[in-house]
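Novice:
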Amino acid sequence: MKYTLPELDFAYDALEPHIDTRTMEVHHSKHHQGYINKANAILEKYPDISEMTLEEIFADIDNINIEETDKQNLINNGGGVINHNLFWKTISPNNSQDEDLISDIEKSYGSVEDFKKAFVDIANSHFGSGWAWLVRDKEGLLQVYSLPNQESPYLLGHEPILNLDLWEHSYYLKYQNKRPEYIENFWKVVKMI
Ligand code: MN3
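Note that the sequence shown covers residues 3 to 195 in this note's numbering.
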């Protein structure tokens with residue numbers, strides 16, 4: 003399917019001071035739009051998969067019959083599309099806790115604080131560009147891990163719940179080399195926890 007840039011539920015300055023206005027603006031209107039344009043250009047070449055969502059394509063990636071270079075470009079750019087779609091739903095100026103999710107987190111990690119610590123450790127130890135993820139695996143169990151670049155949990159058959167962008171473009175204007183501070187401040191703008 004053809005993708006368009008989703009409108010945010012909040013203004014670019016709504017997450018100040020934790021995520022700055024300029025970063026939000028460039029991240030959404032330039033970076034995300036760039037991934038959308040490139041993913042659409044690849045999808046347009048293949049009418050056979052034009053009705054599928056990127057989530058469906060990634061969940062069946064081994065059986066998707068397109069050129070190998072296009073497949074890798076679709077993982078890179080299509081991942082960029084849906085990973086950011088989720089990120090804009092993960093962060094919000096308005097916290098609205100998901101009680102079912104929190105209950106699941108407490109069962110899996112003991113407490114929300116222990117879960118946050120596990121997530122922060124994964125994010126801090128990720129080298130280079132990528133994302134930190136909370137997902138449900140094929141058994142429905144929660145897992146926390148990071149993936150490089152724009153790889154999507156759908157490639158592993160997992161259902162993403164929330165994610166944190168670890169690419170420098172997501173924090174560098176405000177935080178520069180202080181990535182751990184950006185990661186810690188993530189909890190101040192997470193919507194569902
Ligand atoms: Mn990004």
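Just so you know, even glycine gets a beta-carbon here, dropped at the ideal spot from N, CA and C.
Run the proximity test for H86: is its beta-carbon closer than 7 Å to any non-hydrogen atom belonging to the ligand MN3?
Specialist: Residue 86 sits at position 84 when you count from the first residue of the sequence shown. H86 Cβ: within cutoff of the ligand MN3.
Novice: Where L7 and S31 are concerned, what is the direct C-alpha to C-alpha distance, given to the nearest angstrom?
Specialist: Working through the sequence shown from its first residue, we reach residue 7 at position 5. Working through the sequence shown from its first residue, we reach residue 31 at position 29. Each residue's Cα considered, the two are about 8 Å apart.
Novice: Which same chain residues, not among the five before or five after I51, have their C-beta less than 8 Å away from its C-beta?
Specialist: Here residue 51 refers to the residue found at position 49 when the sequence shown is read from its first residue. Cβ neighbours of I51 beyond the five flanking positions: L45, I59, I66 and I68.
Novice: By Cβ distance, which residues of its chain are closer than 7 Å to V83, with the 5 residues on each side in sequence left out?
Specialist: Taking the first residue of the sequence shown as position 1, residue 83 is located at position 81. Taken in chain order, the residues that qualify are Y5, Y37, I38, A41 and L56.
Novice: Going by the C-beta, is S148 closer than 7 Å to any heavy atom of the ligand MN3?
Specialist: On the sequence shown, position 146 is the one that residue 148 refers to. No.
Novice: Taking 7 Å as the line, does the beta carbon of S154 fall inside it for any heavy atom of the ligand MN3?
Specialist: The residue labelled residue 154 in the question sits at position 152 within the sequence shown. No, Cβ of S154 sits at least 7 Å from all heavy atoms of the ligand MN3.
Novice: In three-state terms, what does DSSP make of S148?
Specialist: The residue you call residue 148 lines up with position 146 of the sequence shown. Residue state, collapsed to three classes: strand.
Novice: Does I77 come within less than 8 Å of chain B when only Cβ atoms are used?
Specialist: The structure shown has no chain B; it contains just one protein chain.
Novice: How would you write the range of the alpha helix (DSSP H) that A13 sits in, first residue to last?
Specialist: Indexing the sequence shown from 1 puts residue 13 at position 11. Taken as a continuous stretch (DSSP letters only), A13 belongs to no alpha helix (DSSP H), as it is neither H nor E.
Novice: With 16 other CB atoms within 10 Å as the buried threshold, where does Q152 fall?
Specialist: On the sequence shown, residue 152 is found 150 positions in, with the first residue counted as 1. Buried, because 16 or more other Cβ atoms sit within 10 Å of the Cβ of Q152.
Novice: Can you give the beta carbon distance from D167 to F89, rounded, assuming they're within the 8 Å contact cut?
Specialist: Mapped onto the sequence shown, residue 167 falls at position 165. Mapped onto the sequence shown, residue 89 falls at position 87. That belief holds up - the Cβ atoms of D167 and F89 are roughly 5 Å apart, short of 8 Å.
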